[in-house]
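Here's the structure, in structure tokens; my notes come after.
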Amino acid sequence: NWFGAREEFRVLVLGKTGVGKSSLINALINANAAVGNLVATTTGVQCYENTLEDLNTEYTVAVTMWDAPGFFDVEGRTPAGVLRELSANVDDYHAIVYAQP
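Plus 6 on top of the position in the sequence shown (first one is 1) and you've got the working numbering.
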């Protein structure tokens, strides 16, 4: 059972500005990530945590998701700049999700 095989799962969410990275995090782990109106609202790397439970097996896993600022956002951040910020704020992850519209 994949869900019961680990105690934690850490995911980095990347993508361009306005594609719904924060909305995706909210939907997946019921976090309170900033949700914008197609406006760049995540200005720095944000970390959201929750515990998910498989109701069929009662396994639980701690889920951490990092919401990264959008590539090419209104502040002129480049992908390289976002990656530098991530390397300073995200210590380890199991998966990367690249959000697209």
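Cβ atoms here follow ideal geometry from the backbone N, Cα and C, with glycine treated the same way.
> Just the Cα atoms here: how many angstroms apart are V19 and N56?
Replying inline: Translated into positions along the sequence shown, residue 19 becomes position 13. Translated into positions along the sequence shown, residue 56 becomes position 50. The straight-line gap from Cα to Cα measures roughly 15 Å.
> Apart from the five residues just before and just after F77, which ones in its own chain have a Cβ nearer than 8 Å to its Cβ?
Replying inline: Here residue 77 is taken as the residue at index 71 of the sequence shown, counted from 1. Excluding residues within five positions, the ones whose Cβ falls inside 8 Å are L20, G21, K22, T23, R83, T84, P85 and V88.
> With a CB to CB cut of under 7 Å and the five nearest residues on each side skipped, what residues in its chain are close to F15?
Replying inline: Numbered from 1 along the sequence shown, position 9 holds the residue referred to as residue 15. So the list reads V67, V69 and H100, once near-sequence residues are dropped.
> Where do the N-terminal and C-terminal ends of the alpha helix (DSSP H) with V88 fall, by residue?
Replying inline: Within the sequence shown, residue 88 is the residue found at index 82, counting from 1. Taken as a continuous stretch (DSSP letters only), the alpha helix (DSSP H) holding V88 covers P85 to N95.
> Which value, in whole angstroms, describes the spacing of the CA atoms of G50 and D73?
Replying inline: One-based indexing of the sequence shown puts residue 50 at position 44. One-based indexing of the sequence shown puts residue 73 at position 67. Taking the straight line joining both Cα atoms gives about 8 Å.
> In chain order, what residues of the same chain have a beta carbon less than 7 Å from the beta carbon of N95, not counting five sequence neighbours either side?
Replying inline: Numbered from 1 along the sequence shown, position 89 holds the residue referred to as residue 95. Counting only Cβ-Cβ distances below 7 Å, and skipping sequence neighbours, we find V51.
> Alpha carbon to alpha carbon, how far is R12 from P107?
Replying inline: Within the sequence shown, the letter at position 6 stands for residue 12. Within the sequence shown, the letter at position 101 stands for residue 107. Taking the straight line from one Cα to the other gives about 31 Å.
> Which whole-angstrom value is the C-beta distance of V17 and V103, which I expect to be below 8 Å?
Replying inline: Residue mapping note: residue 17 aligns to position 11 of the sequence shown, counting from 1. Residue mapping note: residue 103 aligns to position 97 of the sequence shown, counting from 1. That pair is a contact at about 6 Å.
> Between L34 and the rest of its own chain, which residues show a CB-CB distance below 6 Å, the 5 nearest in sequence each way excluded?
Replying inline: Counting from 1 along the sequence shown, the entry for residue 34 is found at position 28. Here the set comprises nothing.
>> Please state the DSSP three-state secondary structure of N32.
In response: In the sequence shown, counting from the first residue as 1, residue 32 sits at position 26. If DSSP states are grouped into helix, strand and coil, N32 belongs with the helices.
> Identify the residues that DSSP records as bridge partners of A101: which are they?
Replying inline: Taking the sequence shown and counting its residues from 1, the one referred to as residue 101 is at position 95. Its beta-bridge partners are V17.
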